[in-house]
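Asker: My questions all concern the structure below.
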Amino acid sequence: MRLEVEEALNCEPRRAARSGGREARRAARAAPLDEALRPIRAGLPGGQYRPLGDAGMARIHAAALEALEVIGLSQAPRSGVEILTGAGAVQGDDGRIRFPRALVEDMLAVAARDITLFGRDPKHDLHLTGSNVHFGTAGAAVHVVDLETNTYRDSTAQDLYDAARITHNLDNVHFFQRAMVCRDVTDNLEMDLNTLYACCAGTTKHVGTSFSDPSHVAPCFEMIHRIAGGEDTWRARPFISNSNCFVVPPMKFAEESCITMEACVRGGMPVLLLSAGQAGATAPAPIALAIVQAVAECLAGVVYVNAMAPGHPAIFGTWPFVSDLRTGAMSGGSAEQALLTAGCAQMHRFYNLPGGAAAGITDSKLPDMQAGWEQGITNVLAGLSGLNMVYEAVGMHASLLGFCLESLVLGDDILGQVLRCVRGIDVTEESTSIEAMKEVCLGGPGHYLGSGQTLKLMQTEYVYPILGNRMSPKEWVEADRPMLLERAIQRKNEILAKARMQIDPQIDAAIRTDYNIYFR
Numbered sequence: 020m021r022l023e024v025e026e027a028l029n030c031e032p033r034r035a036a037r038s039g040g041r042e043a044r045r046a047a048r049a050a051p052l053d054e055a056l057r058p059i060r061a062g063l064p065g066g067q068y069r070p071l072g073d074a075g076m077a078r079i080h081a082a083a084l085e086a087l088e089v090i091g092l093s094q095a096p097r098s099g100v101e102i103l104t105g106a107g108a109v110q111g112d113d114g115r116i117r118f119p120r121a122l123v124e125d126m127l128a129v130a131a132r133d134i135t136l137f138g139r140d141p142k143h144d145l146h147l148t149g150s151n152v153h154f155g156t157a158g159a160a161v162h163v164v165d166l167e168t169n170t171y172r173d174s175t176a177q178d179l180y181d182a183a184r185i186t187h188n189l190d191n192v193h194f195f196q197r198a199m200v201c202r203d204v205t206d207n208l209e210m211d212l213n214t215l216y217a218c219c220a221g222t223t224k225h226v227g228t229s230f231s232d233p234s235h236v237a238p239c240f241e242m243i244h245r246i247a248g249g250e251d252t253w254r255a256r257p258f259i260s261n262s263n264c265f266v267v268p269p270m271k272f273a274e275e276s277c278i279t280m281e282a283c284v285r286g287g288m289p290v291l292l293l294s295a296g297q298a299g300a301t302a303p304a305p306i307a308l309a310i311v312q313a314v315a316e317c318l319a320g321v322v323y324v325n326a327m328a329p330g331h332p333a334i335f336g337t338w339p340f341v342s343d344l345r346t347g348a349m350s351g352g353s354a355e356q357a358l359l360t361a362g363c364a365q366m367h368r369f370y371n372l373p374g375g376a377a378a379g380i381t382d383s384k385l386p387d388m389q390a391g392w393e394q395g396i397t398n399v400l401a402g403l404s405g406l407n408m409v410y411e412a413v414g415m416h417a418s419l420l421g422f423c424l425e426s427l428v429l430g431d432d433i434l435g436q437v438l439r440c441v442r443g444i445d446v447t448e449e450s451t452s453i454e455a456m457k458e459v460c461l462g463g464p465g466h467y468l469g470s471g472q473t474l475k476l477m478q479t480e481y482v483y484p485i486l487g488n489r490m491s492p493k494e495w496v497e498a499d500r501p502m503l504l505e506r507a508i509q510r511k512n513e514i515l516a517k518a519r520m521q522i523d524p525q526i527d528a529a530i531r532t533d534y535n536i537y538f539r
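Basically this note's numbering = 1-based index in the sequence shown + 19.
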């Protein structure tokens, strides 16, 4: 049957004569499609999956407002106290900042919506509106998974640069946020500078980064302005966002991170307001209440940012994780994690705010079957829920402790299938017309193999894996039994051999003269 399919698709004599033959058709199929014709792409609208009903979302919203009024957040920096109380928040005798309901509603009214996260190349711009879905990396892994030896080693600046270069060449990974720590850089300022430069040197997609100390923001902005070609150019199209853990769950501000966030806002950098509690540990165990706490903490961030700069681009980063309650260990690949992330995505839509959360994390130590099901399930629910920014979607192992370059490559295939699910089924007059059925069934060949409609839709309706193997057992044996991980290693090496530096050579030379850059 497989041979019949191939022959029907590739060897119909009359069609071959008119179109230039099988090789011509193969060449046409191999050519890049116009962006509008691609079956999957960045920003496909999701939202088909809704684990929370309307009443559930309203209940979570009401509970979050009550938590902000009654519990509030502690440990705001002095500058934050001034900003928040100046806007109408109240600092109690216990030092906690409490947020009147009217203040939250006022700040939600002026918060930025329908924002664009820019790439250095405009073709990589991310339009965060409605339920548009984008997948990318994130995290702070301290190890790299070495598939040559199946061991973990310390991550380096070179690894981060290589991950950025690979991401630049993957169609289904739409942005690159710092995925690992440059552990070979011992000075913290140099580490922040190398992190920033490794990301930007590897890709022109949107970049996310963090700063280990507020004092590092200014020197990092100096480098950013040089990469951009000047401060004005940077402010017109800020291509880097700050991933900012401005809260320490439960319900405490992170003082240094808040100061960093203030500096980034003043510098024109979009911010990810990130609340990363762990259900059963630093967040409540009930999934719904974990979402309540994350929403409350991020609403506090919305007030904070908009009290400083109304309408500043900020991503509502409800990012709660899951604990395995038997041990207290994180369980990033669990079904509960998938539900948490999908529920958070619905709350983003409830407020009509650009939102981000985590999916694609695997607890497995290697890119094996467990890694595949955990990445697939959590990413598909995130995409179907309409999450604008799906962070940590590829490459992350051992509950965020390890990053694998081969898993990044494999993840591109997973995300291709996920995005096809997000796109859904096109039901139109043309796609439901029975004309094709009449041609085949009433005097036709009795099958749709090789029909004009089938050939037309091969590239625009269907998605094909690059590494995933769809050979028959016989073909697989004849091809010398190719193994998935071996092919992933090969593709990783092929990408790295061709991937080039994404910084102008003169700017790169000048930066390397002025800064101690650890990668080549």
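For every residue, glycine included, the Cβ atom is placed at its ideal position computed from N, Cα and C.
Is the beta carbon of Ala-401 closer than 7 Å to that of Val-413?
Answerer: no
Asker: Figure out for me which residue from Thr-252, Gly-296, Gly-286, Arg-254 has the closest Cα to the Cα of Ala-273.
Answerer: Gly-296
Asker: Within a Cβ cutoff of 8 Å, which residues of the same chain sit near Leu-122, ignoring the five residues on either side of it in sequence?
Answerer: Ala-106, Gly-107, Ala-108, Val-322
Asker: Between which two residues does the beta strand (DSSP E) containing His-146 stretch?
Answerer: 145-147
Asker: Does the beta-carbon of Ala-217 have 16 or more other beta-carbons within 10 angstroms, so that it is buried, or is it exposed?
Answerer: buried
Asker: Using three-state DSSP, classify Leu-293 as helix, strand or coil.
Answerer: DSSP places Leu-293 in strand when its eight states are reduced to three.
Asker: Buried or exposed: where does Ala-36 fall if 16 or more other Cβ atoms within 10 Å of its Cβ makes it buried?
Answerer: For Ala-36, the predicted structure reports a pLDDT of 40, less than 50, and the residue's modelled location is therefore unreliable. A value from the coordinates is still provided. Residue burial is scored here from C-beta neighbours: Ala-36 has fewer than 16 other C-beta atoms within 10 angstroms and is therefore classed as exposed.
Asker: Output the distance between the C-alpha atoms of Asp-178 and Leu-424, rounded to the nearest integer angstrom.
Answerer: 8 Å
Asker: Going by CA-CA distance only, name the one from Phe-265, His-225, Ile-59 that's closest to Glu-281.
Answerer: Out of Phe-265, His-225, Ile-59, Phe-265 has the C-alpha closest to the C-alpha of Glu-281.
Asker: Just to confirm, is the Cβ distance from Val-200 to His-416 under 7 Å?
Answerer: no
Asker: What is the DSSP secondary structure of Asp-53, counted as helix, strand or coil?
Answerer: Asp-53: coil per DSSP, three-state reduction.
Asker: Counting beta carbon pairs with one atom in the segment 82-92 and one in the segment 325-337, are three or more of them shorter than 8 Å?
Answerer: no
Asker: Going by CA-CA distance only, name the one from Ser-353, Cys-239, Thr-222, Gly-221 that's closest to Ser-229.
Answerer: Cys-239
Asker: Kindly provide the ranges of any beta strand (DSSP E) runs that are 3 or more residues long and lie completely inside the segment 52-95, ordered along the chain.
Answerer: Taken in chain order, no unbroken stretch of beta strand (DSSP E) lies wholly in the segment 52-95 with a span of 3 residues or more.
Asker: Please report the distance separating the alpha-carbon of Asn-213 from that of Arg-539.
Answerer: 11 Å
Asker: Among Glu-124, His-193, Ile-243, Ala-131, which one has its Cα closest to the Cα of Ile-334?
Answerer: Closest in C-alpha terms to Ile-334, from the list Glu-124, His-193, Ile-243, Ala-131, comes Ala-131.
Asker: Using 8 Å for Cβ pairs, my map puts Leu-52 next to Gln-478. What's the rounded Cβ distance?
Answerer: The beta-carbon distance between Leu-52 and Gln-478, rounded to whole angstroms, is 6 Å. This is short enough to meet the 8 Å contact definition.
Asker: Apart from the five residues just before and just after Gly-362, which ones in its own chain have a Cβ nearer than 6 Å to its Cβ?
Answerer: Result list for Gly-362: Pro-70, Leu-71, Ile-310, in chain order.
Asker: Between Leu-127 and Pro-373, which are expected to be in contact by the criterion C-beta below 8 Å, what is the C-beta distance as a whole number of angstroms?
Answerer: Not confirmed; about 13 Å, so no contact.
Asker: Inspect the beta-carbon positions of Val-428 and Ala-507 and report whether they are closer than 7 Å.
Answerer: yes
Asker: Under the three-state reduction of DSSP, which class applies to Ile-134: helix, strand or coil?
Answerer: strand
Asker: Give me the Cβ distance between Thr-156 and Phe-195, rounded to the nearest whole Å; I'm assuming they're in contact under 8 Å.
Answerer: 6 Å
Asker: Are Ser-418 and Gly-347 touching if we call contact CB-CB under 7 Å?
Answerer: Not in contact: Ser-418 and Gly-347 (Cβ atoms no closer than 7 Å).
Asker: State buried or exposed for Pro-501, treating a residue as buried only when at least 16 other CB atoms are found within 10 Å of its CB.
Answerer: exposed
Asker: Quick one: what's got a C-beta closer than 7 Å to Met-288's C-beta in the same chain, skipping five residues either side?
Answerer: Pro-257, Ile-259, Ser-260, Asn-261
Asker: Check for me: the beta strand (DSSP E) holding Arg-172 runs from which residue to which?
Answerer: Segment 170-173, the beta strand (DSSP E) holding Arg-172.
Asker: When the Cα atoms are used, what is the spatial distance from Gly-391 to Met-242?
Answerer: 38 Å
Asker: Return the bridge partner residues of Asn-191 from the DSSP annotation.
Answerer: Answer by DSSP bridge pairing: none, since Asn-191 is not bridged.
Asker: Got a sec, what are the start and stop residues for the beta strand (DSSP E) Gly-336 sits in?
Answerer: 333-337
Asker: Give the C-beta separation of Gly-421 and His-162 to the nearest angstrom, bearing in mind that I take them to be a contact with Cβ-Cβ under 8 Å.
Answerer: Right, their Cβ atoms sit about 4 Å apart.
Asker: Using the Cα positions of Arg-531 and Thr-473, report the straight-line distance between them to the nearest angstrom.
Answerer: Arg-531 and Thr-473: Cα-Cα distance of roughly 53 Å.
Asker: Can you name, in chain order, every residue of its own chain whose Cβ lies under 8 Å from the Cβ of Glu-355, other than the five neighbours on each side?
Answerer: Ala-298, Ile-306, Val-341
Asker: Label Tyr-171 either buried or exposed according to how many other C-beta atoms from any shown protein chain fall within 10 Å of its C-beta, with 16 as the threshold for buried.
Answerer: Result: buried.
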